[in-house]
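Only one structure is covered here, and it is reproduced in the block below.
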Amino acid sequence: MSVYSKPITFAVLSVVVILIGTVVTMFIPLLLPSTQPVSDYVKPYTAVELEGRDIYIREGCNNCHTQTVRPLRTEVARYGEYSKPEEFAYDRPFLWGSRRTGPDLNRVGGKYPDSWHYKHLNSPQSMFPRSNMPPYGWLAERKLDTSYTVKKIKVLGYGYTPEEVNAQITEYKRKVTSADYSSKEMRDRVTPPELRGELTEMDALVAYLQKLGRDVKNLQKKSVVPVAEAKEATLKNPYAGSKEAEEAGEDIYEKNCKACHGDDGKGGIGPNLTDSEWKYGGSDADIFTSISGGRPGGMPDWGRTLGTDNIWKVITYIRSLEKK
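In the working numbering, the protein residues as written are 152 to 475.
Set out below in structure tokens:
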């Protein structure tokens with residue numbers, strides 16, 4: 152008698168075949184090195200970065216922010232290079248996410264200076280008035296607990312010795328509490344006086360955010376702007392003196408630049424735009440290069456985000472600030 156006429160036997164055999172197929176096609180590949188790519192340029196989280204990651208998870212940041220850039224033109228244009236499997240070799244658990252109430256953070260590391268993150272975490276609405284992100288200023292009022300850090304590192308297999316873990320914590324504490332820390336003014340503004348000499352939970356979260364995507368960026372980092380942009384930067388501003396372009400540039404400035412450079416361009420986290428000191432040469436071509444390619448120390452590159460046309464309009468608006 153055919154197995155097809157025996158429903159129970161057929162069901163059992165079907166389940167067995169499906170289970171074997173599942174093991175062969177899914178579980179066995181998980182054990183193969185080729186499905187777990189690693190790269191020398193991706194480094195494990197340091198002790199402080201790992202503590203910041205735990206705070207990120209604890210506060211549910213992954214409920215609103217994804218950490219994966221899909222290989223779509225629009226996403227690459229907005230966030231940068233699409234995500235690679237090896238980037239997540241040290242992520243346990245993965246924090247890819249599935250919805251974006253807030254922007255993707257996979258490439259946020261190094262995009263802004265630490266001071267930007269301190270201010271934004273303390274009061275998101277001070278940076279983006281329409282932001283629905285809650286304030287996390289209270290994180291600066293809590294001393295970072297590192298009593299379990301060595302155990303966490305051991306469980307995750309990052310390879311750091313207890314001495315290296317303690318050295319990482321000490322070094323980062325020295326960095327953020329030193330008098331020459333580049334973001335000292337903003338950190339002191341959000342941190343209570345009694346904790347300014349200690350590591351806080353906000354310090355750890357900022358360290359973690361600055362790690363995201365930074366290994367990939369360091370690999371791809373170039374010392375000059377792309378050739379096409381460099382050629383544009385040798386030209387004169389096609390919108391110089393145009394009132395219409397100035398108004399369009401003001402709108403672009405409001406959406407992208409005001410958070411760091413202030414309402415009237417007189418500075419804040421970023422430098423004053425109404426004088427000539429910040430402009431690294433002062434010509435429109437020099438300003439174009441600064442905006443398009445970014446500057447060391449915190450100015451992100453806006454070339455791919457804004458595009459050539461919009462950068463010239465912003466420059467037209469910046470020039471108008473000198474006359475006010």
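Even glycine gets a Cβ: it sits at the ideal position worked out from N, Cα and C. None of these values were measured; they are calculated from a predicted model.
Start and end residues, alpha helix (DSSP H) containing residue i
i	result
F239	Run containing F239: none; DSSP gives neither H nor E here.
E202	A198 to R209
L143	Because the chain here runs from 152 to 475, residue 143 falls outside it and cannot be looked at.
D452	Premise fails: D452 is in no alpha helix (DSSP H) and is neither H nor E.
K335	K335 to V341
N273	D265 to N273
V227	R224 to Y230
K387	Careful: K387 lies outside any alpha helix (DSSP H) and carries neither H nor E.
K409	K409 to H412
As assigned by DSSP and simplified to three states, the class of residue i
i	result
L326	According to the sequence displayed, residue 326 carries Lys and not Leu. K326 falls in the helix class under three-state DSSP.
T467	helix
V375	Only weak support is given to the placement of V375: the predicted model assigns it a pLDDT of 41, under 50, and the question is left unresolved by the model.
R446	strand
A381	The predicted model places A381 with a pLDDT of 48, which falls under 50 and marks its position as unreliable, so this point remains unresolved.
F178	helix
V306	helix
E401	helix
S185	helix
L346	helix
G253	coil
G288	helix
R365	helix
T219	coil
S277	helix
P313	helix
D331	coil
V259	coil
S441	helix
S190	coil
K417	coil
L424	coil
N283	coil
Y233	coil
Per DSSP, the bridge partner or partners of residue i
i	result
T351	K294
Meets three-Cβ-pair contact criterion under 8 Å: the stretch 271-283 and the stretch 234-244: Contact fails: fewer than three Cβ-Cβ distances are below 8 Å.
With a threshold of 8 Å, are at least 3 pairs of Cβ atoms found where one atom belongs to the stretch 346-365 and the other to the stretch 198-209? With a cut-off of 8 Å, the stretch 198-209 and the stretch 346-365 count as touching, because enough Cβ pairs lie within range.
Should the stretch 391-408 be regarded as contacting the stretch 454-471, the criterion being three or more beta carbon pairs within less than 8 Å? A contact exists between the stretch 391-408 and the stretch 454-471.
Using a Cβ distance threshold of 8 Å, determine whether the stretch 176-193 contacts the stretch 341-352, with at least three qualifying pairs required. Counting Cβ pairs under 8 Å, fewer than three are found: no touch.
Per the contact definition of three or more C-beta pairs closer than 8 Å, is the stretch 323-342 in contact with the stretch 264-276? As far as the Cβ criterion goes, the stretch 264-276 touches the stretch 323-342, which means the pair count is three or higher.
Could you tell me whether the stretch 295-309 touches the stretch 248-261, using the rule of 3 or more Cβ pairs below 8 Å? No: fewer than three Cβ pairs fall under 8 Å.
Is the stretch 238-246 touching the stretch 384-395 in the sense that three or more CB pairs, one from each, lie closer than 8 Å? Short answer: they don't touch.
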